[in-house]
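With the first letter of the sequence shown counted as 1, position 164 gets the number 163 in numbering that gives the first Met the number 0; the numbers rise by one all the way through.
Quick reminder that beta carbons are idealized off the backbone N, C-alpha and C, glycines included.
In this text the structure is predicted, and so the values were computed from the model without any measurement.
Written out below as structure tokens is the structure these notes cover.
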Amino acid sequence: MADAAGLPGDRARRAAVARMIRVDHAGEYGAKRIYQGQLAVLGRGPKGDLIRHMQAQEQAHLDTFSAMVAKRRVRPTALLPLWHVAGFALGAATALLGERAAMACTVAVEEAIDAHYAAQAASLGEEEAELRGVIERFREEELEHRDIGLAHEAEQAPAYRLLSAAIKAGCRVAIAASERV
Ligand SMILES: [Fe+2]
Ligand SMILES: [Fe+2]
């Protein structure tokens, strides 16, 4: 049944897009907090500038999604306070294990976000070309972050495979929760 807001199909599409913006806003918020956690431990070390570069890009990603949340009146996830703490804790904890573990965390998170953004971009049509363009542009930068991690010996971190699998699983849970809650 059509209503003043448009056809039911439009409504479903708008709801799907709102979920995308909600979860992407949450993800960029979490990403920024992860790098802040890393910087709390490694900020004065040799990797400090590199991590600050990535954190600045996450801040720009977050600012873009914050503006979309406001403009499109999307309800932000109720889990932001959780990601505030959990993101920072993940960044700081892996950094405490060492620079390589911090880089392993970066690789795992960015790979999870790459898959997430790729799926989103593939599902968006011409009517959301602007959002799709933003997602594709950010995805490029997330892949740049992954490559930085790999170039800085992420794979030589202790228990790399276990660490990576655990962090990716955590990211998938965070994504699923942030779409809904
Ligand atoms: Fe990002
Ligand atoms: Fe990133």
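Which same chain residues end up closer than 7 Å to Arg-51 when comparing Cβ atoms and leaving out the 5 residues on each side of it in sequence?
In the sequence shown, counting from the first residue as 1, residue 51 sits at position 52. Counting only Cβ-Cβ distances below 7 Å, and skipping sequence neighbours, we find Leu-38.
Secondary structure at Gly-86, three-state DSSP: helix, strand or coil?
Position 87 of the sequence shown holds residue 86. Of the three classes helix, strand and coil, the one that applies to Gly-86 here is helix, per DSSP.
Exposed or buried, which one is Pro-7 when buried takes at least 16 other CB atoms within 10 Å?
Along the sequence shown, one-based indexing puts residue 7 at 8. Exposed, by the Cβ-count rule.
Tell me which residues share the same chain as Glu-98 and place their Cβ nearer than 6 Å to its Cβ, disregarding the 5 neighbours each side in the sequence.
The residue given as residue 98 occupies position 99 in the sequence shown. Counting only Cβ-Cβ distances below 6 Å, and skipping sequence neighbours, we find Lys-46.
Are the beta-carbon atoms belonging to Thr-93 and Val-180 less than 7 Å from one another?
Numbered from 1 along the sequence shown, position 94 holds the residue referred to as residue 93. Numbered from 1 along the sequence shown, position 181 holds the residue referred to as residue 180. Taking 7 Å as the Cβ cut-off, Thr-93 and Val-180 do not qualify as a contacting pair.
Hey, is Ala-30 close to ligand 1, as in C-beta under 6 Å from one of its heavy atoms?
The residue you call residue 30 lines up with position 31 of the sequence shown. Indeed, a heavy atom of ligand 1 lies less than 6 Å from the Cβ.
Hey, Gly-90 and Ile-33 are a contact pair by Cβ (cut 8 Å); roughly how many whole angstroms apart?
Working through the sequence shown from its first residue, we reach residue 90 at position 91. Working through the sequence shown from its first residue, we reach residue 33 at position 34. Contact holds; Cβ gap of about 4 Å.
List in chain order: all unbroken alpha helix (DSSP H) runs of 4+ residues lying wholly within the region 52 to 97.
79 to 96
Can you tell me whether Lys-70 is buried or exposed? The criterion is at least 16 other CB atoms within 10 Å of its CB, across all chains shown.
One-based indexing of the sequence shown puts residue 70 at position 71. By the beta-carbon neighbour count (other beta carbons within 10 angstroms, threshold 16), Lys-70 is exposed.
Between the Cα of Glu-143 and the Cα atoms of Val-40, Met-53, Gly-42, Arg-18, which residue gives the shortest distance?
Along the sequence shown, one-based indexing puts residue 143 at 144. Of Val-40, Met-53, Gly-42, Arg-18, the residue nearest in Cα terms is Met-53.
If you pair each beta-carbon of the region 154 to 173 with each one of the region 96 to 112, do three or more pairs fall below 8 Å?
yes
With a cut-off of 8 Å, do at least 3 Cβ pairs link the region 123 to 133 to the region 76 to 87?
no
Of all the options Arg-10, Met-19, Asp-9, which has the alpha carbon lying nearest to the alpha carbon of Ser-122?
Position 123 of the sequence shown holds residue 122. Cα-wise, what sits closest to Ser-122 is Met-19.
For His-83, collect the residues of the same chain with a Cβ closer than 7 Å to its Cβ; drop the 5 residues on either side in sequence, then sort them by chain order.
For the purposes of this step, residue 83 is identified with residue 84 of the sequence shown, where counting begins at 1. Contacts found: Arg-32.
Measure from the alpha carbon of Leu-178 to the alpha carbon of each residue in Arg-12, Ala-55, Gly-26, Val-22, then state which is nearest.
Residue mapping note: residue 178 aligns to position 179 of the sequence shown, counting from 1. Residue identity differs from the one stated: residue 178 is Glu in this sequence, not Leu. Answer by Cα proximity: Val-22.
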